[in-house]
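See below for the structure under consideration.
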């Protein structure tokens with residue numbers, strides 16, 4: 001009898017990049033076995049895809065309802081234990097809710113839902129279960145992000161006074177300037193994407209990252225969004241002023257029209273003792289700046305790192321690991337939780353992170369439309 | 001008869017770093033000869049300093065009034081042509097005004113004055129003269145900053161949609177957290193420093209740089225300042241949302257409590273065709289990002305650079321020049337203007353830049369105190 | 001019936017890092033299924049390990065002979081197709097040979113053998129089979145290394161005149177200076193490691209990389225080795241002058257006592273039109289230097305890359321992939337070859353690369369011991 | 001009476017870049033006053049140049065003999081104290097010799113002479129004088145190079161086991177491949193340039209830098225040169241194996257056909273405790289690598305630096321200084337020596353460095369032509 005965790009996947013079929021990311025991540029630590037799922041809307045496509053990855057067809061279901069029905073009829077020892085939800089955003093909520101209500105553990109892509117209301121309902125749903133629920137803010141799986149958090153918690157930088165996250169991409173630029181494309185792409189269609197493009201897609205990462213590494217809470221936001229064209233309903237660029245608990249202040253600068261940028265996500269935190277900087281495109285470096293001391297550059301795999309960081313590295317220093325490895329670390333954390341092994345709660349983002357992320361999107365959009373005023377983030 | 005421009009200096013005596021910077025800058029292109037000045041408040045100190053730099057004592061004056069009196073009595077061919085004002089901020093205005101009124105050309109340190117009103121008076125004063133007036137926003141003298149401007153002007157990045165300047169230092173951090181120091185240092189004393197510390201000292205550089213490289217005008221600002229302690233009256237950290245003409249938006253992030261940062265001034269501009277990035281601590285690199293093309297890194301001295309950039313480099317590629325060379329370029333530009341040689345107006349910042357800088361400081365402070373609202377920058 | 005390639009593994013059990021690397025690499029593209037192997041010398045350990053990765057025990061064999069016997073009795077459709085050899089160096093040859101003689105495809109860790117003689121025998125063995133044979137010079141799997149090769153082949157840098165590879169590590173430093181350790185560690189024991197430590201372990205990577213990216217052949221070598229202590233029989237540092245075909249010259253600098261270095265492998269090639277540089281610790285950047293043009297930095301995932309490079313990237317630009325992904329690309333290439341799909345011969349290193357690598361080690365050691373003279377590399 | 005050191009200059013007229021470098025360097029610390037010299041071969045040119053830099057014409061001499069005659073007739077208190085020799089290489093020796101014989105202090109460009117013999121004669125000449133003699137290996141004036149030396153001397157990296165210097169340029173590439181140019185340019189003409197191009201021009205810098213920062217002596221060399229074409233008599237690329245005292249080994253890799261490289265001079269030293277790395281194109285960073293510790297990046301201006309390094313920085317951290325400042329530091333050191341002020345002998349390179357540099361060039365060329373054998377460097 002296999003001891004691996006039985007994993008089902010919703011979405012991620014065909015050439016889906018997010019599907020590749022999750023499949024490899026799940027395979028990285030010999031902890032999961034994919035047993036089935038619903039990979040595509042069209043059942044034939046789903047079956048073809050399963051065949052292409054050499055997965056037996058009998059647990060490839062035509063939809064989530066069927067999956068739940070059939071899996072519940074299997075003995076507990078065969079039933080899917082974790083289901084990953086990789087479908088388009090608006091399906092995250094109903095699917096995750098149904099899964100939780102039927103006793104499955106859930107790994108859910110971000111943004112977790114499309115509204116705060118949905119997020120709150122999901123929180124309540126989860127409270128009535130024993131399930132593990134993770135939201136894949138992938139970047140928190142990088143070892144040097146974990147190290148950043150642990151150093152902040154250990155007091156290495158003192159009391160935080162300033163946080164600054166930049167998340168710049170350029171890929172929307174050619175789209176936004178093409179009248180036809182900007183009115184047809186689903187990313188810029190509120191009915192399909194929710195109320196925000198840039199804040200929802202990448203701003204939430206910045207929000208989550210700041211709270212993850214600082215262990216502070218963002219309490220209120222004041223934002224200025226840019227839609228570039230009047231006929232465009234979705235933000236493609238946003239700057240958000242932040243006020244955090246413990247008197248810290250900060251800023252999130254995010255854009256999808258920062259032409260030529262790839263995925264430039266940079267986080268800086270300054271305390272009264274030192275500062276820390278991390279950059280996603282070169283994730284294996286963590287910069288520690290102390291007044292009057294040499295700049296220190298920490299790298300993965302060294303014993304000077306925290307246990308949480310070291311747990312996220314597989315090879316010795318100098319062998320660069322990347323984003324698949326970061327996601328693999330999140331899957332590893334979930335595996336520990338599902339298997340009732342001890343783990344650090346910082347090994348994967350939880351429903352609280354997902355809910356706060358939804359809060360951020362809605363409040364930041366509200367701030368802009370009310371004339372760039374401060375709006376409080378609910379304390380969820 | 002010497003053909004060098006006769007230069008007088010106000011301030012910059014003893015161990016003054018700004019004095020060293022200006023003296024070396026003035027010597028770099030064999031264009032100036034320092035002939036006298038008022039180097040220290042105390043005349044004996046001033047004389048001793050003059051001796052230490054081997055300057056004859058007869059044109060070392062006890063104060064500006066004496067300098068003006070005596071110099072005016074010299075024949076035109078011997079009289080100081082340019083006077084550099086390196087004194088504490090509050091003296092810039094009266095000194096520059098007096099110099100202009102008496103026919104001298106002026107190089108003035110930034111911030112140009114302590115209020116917009118002073119700046120406007122100075123503008124009017126200048127209009128009645130034939131004098132050249134330069135404000136030393138030193139960073140605009142770097143060749144790759146000049147190249148950035150020229151590329152933007154040439155259309156290389158298309159229509160600008162986003163500007164982002166970060167200027168982070170950490171040196172106020174140990175001061176702000178020491179109750180005694182923060183109540184005694186002149187930098188944090190409004191009577192001596194004007195209404196702003198961080199915005200006045202480095203925020204203005206960011207403001208000027210954005211307008212310099214983008215050729216846009218910042219039209220309104222919304223700021224959030226941080227004073228850290230209630231008994232501290234001066235901002236030590238500020239984030240400023242920007243709206244520029246031609247629909248561009250942007251942000252200035254500036255701090256003097258970004259612990260461990262040295263002088264991290266980074267400017268990014270994104271147009272609809274490409275993006276550009278420059279960093280002061282590594283000033284000999286200019287990054288050009290174009291969607292779907294390899295990142296390009298431009299460096300000084302290459303013939304692919306603009307005339308304005310090439311004029312700012314003395315040695316072949318690979319021989320790094322630095323901040324003294326940047327200031328030297330500004331002095332070189334002023335020398336051309338004073339000598340009625342042709343020059344590019346972008347070779348040195350003018351009184352308009354100085355006035356706009358004062359405008360920025362006052363309006364950004366006002367925005368914060370009025371509750372983080374948008375305030376217009378006057379069109380001076 | 002599974003369509004995945006049935007993979008067996010020799011070695012790589014327990015906490016073996018090389019085992020983790022190969023297992024993840026084999027899983028990355030949904031092409032392989034591990035079906036069994038001999039993971040540890042001790043059969044009980046092997047079985048325990050198999051259980052820990054959830055592998056059924058019936059194809060976990062007590063040794064290679066048993067594996068071959070039993071697998072040959074299985075129908076072709078169930079038999080292992082590829083066997084990966086991850087055992088200590090001296091076992092590579094006998095195991096690979098036996099596997100080839102019995103019709104298996106082989107993925108062999110480097111160095112391929114311990115002597116040139118063994119390598120030649122293996123070459124002959126292979127010629128009598130239809131097997132695919134790959135040597136895991138992992139670094140050739142990085143997309144930007146592939147891009148470097150393709151650009152050189154396309155003529156982007158012109159005729160090559162200079163190659164330079166540096167491979168510096170520091171991990172032997174604490175060992176070499178400890179008399180007890182340096183006489184006991186297997187790495188510094190010729191009976192266990194062959195005739196070379198530094199050249200064998202990392203010098204061969206440099207040799208292979210130069211031939212891979214330049215498409216030239218290294219024809220002769222002149223080396224100077226460093227043993228540091230007289231009682232140490234193994235080189236821990238080596239510099240090797242190179243002469244290549246087509247009049248190119250070059251150098252390999254390699255050390256394991258470059259204290260504080262992690263895994264600093266840097267390759268530079270200069271042609272008469274341009275130069276290229278790649279660095280293993282930041283593998284997602286390829287630097288193109290052309291006289292009089294801006295430095296260009298190429299990154300993975302962009303359409304300006306060659307087909308070979310693009311085939312090695314899974315996610316869009318800005319999502320850093322790492323060394324697991326590089327090894328995954330080599331496994332992907334082998335899968336194509338085994339499945340008779342079209343592939344670029346540059347997708348994985350072959351037995352020729354392995355043999356040439358052995359040649360390099362022996363000749364470079366010989367050069368040193370004969371007084372730093374030129375020794376020819378056999379044209380194998 | 002001026003207290004500045006009276007400086008004469010030989011060469012460096014018209015648009016000479018080396019002239020600009022020396023003039024600015026001499027002006028940087030208010031220590032020198034240029035009083036005359038011989039700037040061009042043609043006296044009218046020389047006078048015109050003097051006028052262009054606003055230098056009185058009466059001490060602009062038609063040749064060195066005249067300069068010496070006339071200066072010696074001036075009272076000691078007016079006579080030139082230091083003369084800088086910036087003429088073509090073959091004139092360094094006769095000019096420096098004559099200057100020394102007549103009691104002048106000398107600053108001499110590198111290479112100091114064209115042969116070892118000349119260098120030795122110059123050494124003897126100097127011994128009979130009280131003159132100060134400096135050779136301008138400019139790069140030793142960078143503050144972080146000085147810091148590197150001081151850290152090595154303080155034992156920060158332990159006993160040195162490996163040195164590695166790379167000096168790559170690409171500017172000869174277009175010349176070498178043009179048959180006409182390569183036979184006409186003076187750089188590739190042995191009659192004008194001495195016996196070496198690449199080793200003489202930049203290899204000597206690498207040699208000097210290694211000895212400067214390591215405080216070791218290079219005892220023997222084995223080189224392989226590249227002339228690319230048979231009709232070219234001068235090396236344009238060279239790799240030199242090194243053996244140093246105290247059992248250290250190393251390598252110098254140098255090229256002027258490293259196409260696309262600007263002035264990429266990189267020095268690495270590894271001891272048994274740590275490693276250090278410095279790069280000329282980014283001269284304000286010094287990398288300290290210690291096994292098992294975070295990488296440390298030291299920068300100028302911080303109090304953690306040595307006195308020698310701090311003396312070489314004028315502004316606070318974060319204000320990048322460059323190559324003019326490095327040369328300025330060498331002039332500053334010479335000024336101290338000439339003025340009998342206390343100074344660190346490491347503040348400027350001496351005649352010993354110059355002689356050793358000549359030794360290196362001759363021996364490295366000899367090694368190549370004798371078939372790449374080891375040649376001893378004389379212990380001068």
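Residue numbers (UniProt numbering), protein chains in the order written: chain A, 1 to 380; chain B, 1 to 380; chain C, 1 to 380; chain D, 1 to 380.
Every residue, glycine too, gets a C-beta built ideally from N, C-alpha and C.
This one's a predicted model, so the numbers in the text were calculated from it and none came from an experiment.
query, result
"Unbroken stretches of the alpha helix (DSSP H), 4 residues or longer, contained in the region 72 to 99 of chain D", "none"
"Test: residue 281 of chain B CB closer than 8 angstroms to a CB of chain D", "yes"
"N-terminal and C-terminal residue of the beta strand (DSSP E) that residue 265 of chain D is part of", "264 to 271"
"Cross-chain neighbours of residue 296 of chain C in chain B, by beta carbon under 9 angstroms", "293, 294, 295, 296, 297"
"Collapsed DSSP secondary structure at residue 245 of chain B in the structure displayed", "coil"
"Beta-carbon separation (whole angstroms), residue 275 of chain A vs residue 170 of chain B, contact threshold 8 angstroms", "7 angstroms"
"Close beta carbons around residue 374 of chain A, own chain, < 6 angstroms, minus the five adjacent residues each side", "220, 222"
"Own chain partners of residue 212 of chain B with C-beta closer than 8 angstroms, once the 5 adjacent residues on each side are dropped", "137, 140, 145, 149, 346, 349, 353"
"Rounded separation between residue 197 of chain A and residue 189 of chain A - CA only", "9 angstroms"
"Unbroken alpha helix (DSSP H) run spanning residue 356 of chain C, endpoints", "351 to 369"
"Residue 173 of chain B: contacting residues in chain A (beta-carbon distance under 7 angstroms)", "272, 291"
"Pair within 8 angstroms by beta-carbon distance, residue 13 of chain B and residue 45 of chain B", "yes"
"Within chain C, the residues that residue 163 of chain D reaches when beta carbons sit closer than 7 angstroms", "Those within 7 angstroms of residue 163 of chain D in chain C number zero; the least Cβ separation is about 11 angstroms."
"Span separating the alpha-carbon of residue 1 of chain B from that of residue 243 of chain D", "Low confidence applies to residue 1 of chain B: its pLDDT is 48, below 50, so where it sits in the model is not reliable, and the reading given next is rough at best. So the alpha carbons of these two residues sit roughly 58 angstroms apart."
"Contact list for residue 322 of chain B against chain D, beta-carbon separation under 7 angstroms", "320, 321, 322, 325"
"Where residue 15 of chain A falls: helix, strand or coil (DSSP)", "coil"
"Simplified DSSP assignment, three categories, for residue 310 of chain A", "helix"
"C-alpha gap between residue 110 of chain A and residue 339 of chain C, whole angstroms", "37 angstroms"
"Selected residue, minimal CA-CA separation from residue 283 of chain B, among B/147, B/21, B/38", "B/147"
"Own chain partners of residue 191 of chain B with C-beta closer than 7 angstroms, once the 5 adjacent residues on each side are dropped", "none"
"8 angstroms Cβ cutoff met for residue 360 of chain C and residue 204 of chain C", "yes"
"CB contact flag (residue 396 of chain D, residue 218 of chain D, <8 angstroms)", "Here chain D has residues from 1 to 380 only, and residue 396 of chain D is not among them."
"Cβ-Cβ separation, residue 157 of chain B to residue 151 of chain B (assumed contact under 8 angstroms), whole Å", "7 angstroms"
"Short-range partners of chain B found in the region 30 to 61 of chain D, where Cβ spacing is below 8 angstroms", "30, 33, 51, 52, 53, 54"
"Coil, strand or helix - residue 10 of chain D by DSSP", "strand"
"Endpoints, beta strand (DSSP E) assigned at residue 162 of chain A", "160 to 168"
"Sufficient close CB pairs (3 or more, under 8 angstroms) joining the region 16 to 30 of chain C to the region 65 to 80 of chain A", "no"
"Chain-ordered residues of the region 349 to 373 of chain B with a beta carbon less than 9 angstroms from chain A", "371, 372, 373"
"Minimum Cβ-Cβ distance from residue 176 of chain A to chain C less than 8 angstroms", "no"
"8 angstroms Cβ cutoff, residue 341 of chain B in contact with chain D", "no"
"Listed by chain order, chain A residues near residue 303 of chain D by CB distance under 8 angstroms", "292"
"CB-CB length for residue 273 of chain B against residue 259 of chain A, believed under 8 angstroms", "7 angstroms"
"Expected contact under 8 angstroms - CB spacing of residue 214 of chain A and residue 266 of chain A to nearest Å", "Actually they do not touch by this definition, with Cβ atoms about 15 angstroms apart."
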